[in-house]
Amino acid sequence: MKLSLLVPCFNEEKSIEACIQSCLLQIRKFDEIVFVDDCSTDGTPDILAAHATLGHIITKRTESNTGNKSTAQEFGLRFVTGDVVVTTDADTFYRRDRKEFPKGRSRGCCRSCKKFGL
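Position 21 of the sequence shown, counted from 1, bears residue number 20 in numbering that gives the first Met the number 0, the numbering being contiguous throughout.
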């Protein structure tokens, strides 16, 4: 099962580095992390470019500012290839065990979980 993370962002230079690091440090690694820059005017594009060069993330930029997180997410969906897509905000930081199932949670709680053996 390929797990993708989609993160729309706009002018997040103060939080984006911590977001990227928290995503990279997960116990169950994302198979791809796609950031959609909604035409940021601060240092966000430079931070994303540095990580993209290292191969940590994929970055895509909208042609013009959409002014809307869901539109930026919709744009980004064209570029994700995972079986399961997780979305988050660029100012969100995950605990290291965020994608682990809590003890006692029943597996196969829905059709998607059953299909992917979760």
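Cβ coordinates follow ideal geometry from the N, Cα and C atoms, glycine included.
Check, Outcome
"Considering just the uninterrupted stretch of the alpha helix (DSSP H) at Asp45, what are its terminal residues?", "Thr43 to Thr52"
"Give the single residue among Gly54, Gly75 and Cys22 whose Cα lies nearest to the Cα of Tyr93.", "Cys22"
"So who's on the other strand from Thr86, going by DSSP bridges?", "Leu5"
"Relative to the C-alpha of Glu12, which residue among Ile32, Leu2 and Asp45 is closest?", "Asp45"
"Under 7 Å between the Cβ atoms of Cys38 and Thr70?", "no"
"Between which two residues does the beta strand (DSSP E) carrying Phe34 extend?", "Glu31 to Asp36"
"With DSSP collapsed to three states, give me the class of Ile56.", "coil"
"Quick check: Val79 and Val6, are their CB atoms within less than 7 Å of each other?", "no"
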